[in-house]
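Residue numbers (the numbering used here): 6 to 141.
In structure tokens:
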């Protein structure tokens, strides 16, 4: 498991806004490892969540391009097994440990980004899962 940051931005829901945000990251030489873009449809705004290879420079690149980071969250990155039930197994273990999971999505190289309100408990739970998997 590795730890990184996820940035959340509110974008205008119109052509080119998402391209401008991703272009700012690309021009800084940063790889986007995962993202989720959701248009709202109601207020003309959308949400852009992004995980990159260089969080500090990502924030700077986005802010320099005129975007405001609304939220910054710690996320855990885990390697995902490409088999039915893997994600369900991980999420069940987190639920058994009474963790309320936040935004979770797949990212590059067969990995999953997971956030939770209690990051230290999330880290402990994922380390527990990893040690159980190694014993099998």
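Backbone N, C-alpha and C fix where the C-beta goes; we use that ideal spot for every residue, glycine too.
Query	Result
Reduced DSSP secondary structure (H/G/I, E/B, other) of residue 23	helix
Residues near residue 109 by beta carbon distance below 6 Å, same chain, minus five either side	119
For residue 12 and residue 48, the rounded distance between their alpha carbons	21 Å
Nearest-angstrom Cα separation, counted from residue 90 out to residue 15	33 Å
Unbroken alpha helix (DSSP H) run spanning residue 91, endpoints	91 to 101
Continuous beta strand (DSSP E) assignments of at least 3 residues falling wholly in the segment 57 to 95	74 to 84
Other residues of its chain near residue 5: CB distance less than 6 Å, five sequence neighbours each side excluded	Any property of residue 5 remains undetermined from this structure, which presents the chain solely from 6 to 141.
Residue span of the beta strand (DSSP E) that contains residue 120, given as start and end	116 to 121
For residue 17, the first and last residue of its enclosing beta strand (DSSP E)	7 to 17
Range of the contiguous beta strand (DSSP E) that encloses residue 39	37 to 44
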